[in-house]
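Visitor:
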Amino acid sequence: MTSKSNKKANLPRLSDRTKDFAKDWQRLQHSGRCNMKHLKDVMMLLIANDAPLPPEYLDHPLSGQLAHCRECHIGGDFLLMYRIERDTVIFVRAGTHADLFE
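Those letters in the sequence shown? Residues 1 to 102, by full-length UniProt numbering.
1) Quick one: any contact between the segment 80-88 and the segment 53-69, if contact means 3 or more CB pairs under 8 Å?
2) For a test of the three-state rule: what should DSSP assign to SER31, helix, strand or coil?
3) DSSP three-state call for MET1: helix, strand or coil?
4) Determine the direct distance from the alpha carbon of PHE78 to that of ARG33, and round the result to whole angstroms.
5) For chain C, check one thing: does any of its Cβ atoms lie closer than 8 Å to the Cβ of ILE47?
6) From which residue to which residue does the alpha helix (DSSP H) around LEU58 run?
7) Going by the CB atoms, is the gap between ARG13 and PHE91 shorter than 8 Å?
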């Protein structure tokens, strides 16, 4: 007799955003220069699973005052800055290097 194994799927993470991210979102949506669908897809990857992002996103921790954050490359110079606290992913900023670091 075969026993059923417990194959429970992990629950997705909760998500939140900063005020800066909300402003970035509006700015990027109106500018039309960034692929918002690709940004949403990466955000869903971060929310939906605990696994690291695929290597093409160049996901890495930041340093200095932003050491609590991570950054991934959505495409070209389009970045998503986020942090993970317990079971919540918090979207911090989105934009180009110039938008975020200058």
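Even for Gly, the Cβ is constructed at its ideal location relative to N, Cα and C. Remember, predicted model here, so these are calculated numbers, not experimental data.
Guide: If we stick to the structure as given:
1) With a cut-off of 8 Å, the segment 53-69 and the segment 80-88 count as touching, because enough Cβ pairs lie within range.
2) Residue 31 sits at position 31 when you count from the first residue of the sequence shown. Annotated three-state conformation of SER31 is helix, per DSSP.
3) Within the sequence shown, numbered from 1, the residue matching residue 1 stands at position 1. Only weak support exists for where MET1 lies, its pLDDT of 49 falling under 50; the value from the coordinates is given anyway. Correct three-state label for MET1: coil.
4) Numbered from 1 along the sequence shown, position 33 holds the residue referred to as residue 33. Numbered from 1 along the sequence shown, position 78 holds the residue referred to as residue 78. The straight-line gap from Cα to Cα measures roughly 10 Å.
5) Absent here is chain C; the protein component of the structure consists of one chain.
6) The sequence position of residue 58 within the sequence shown is 58, counting from 1. Careful: LEU58 lies outside any alpha helix (DSSP H) and carries neither H nor E.
7) Against the sequence shown, residue 91 aligns to sequence position 91. Against the sequence shown, residue 13 aligns to sequence position 13. Not in contact: PHE91 and ARG13 (Cβ atoms no closer than 8 Å).
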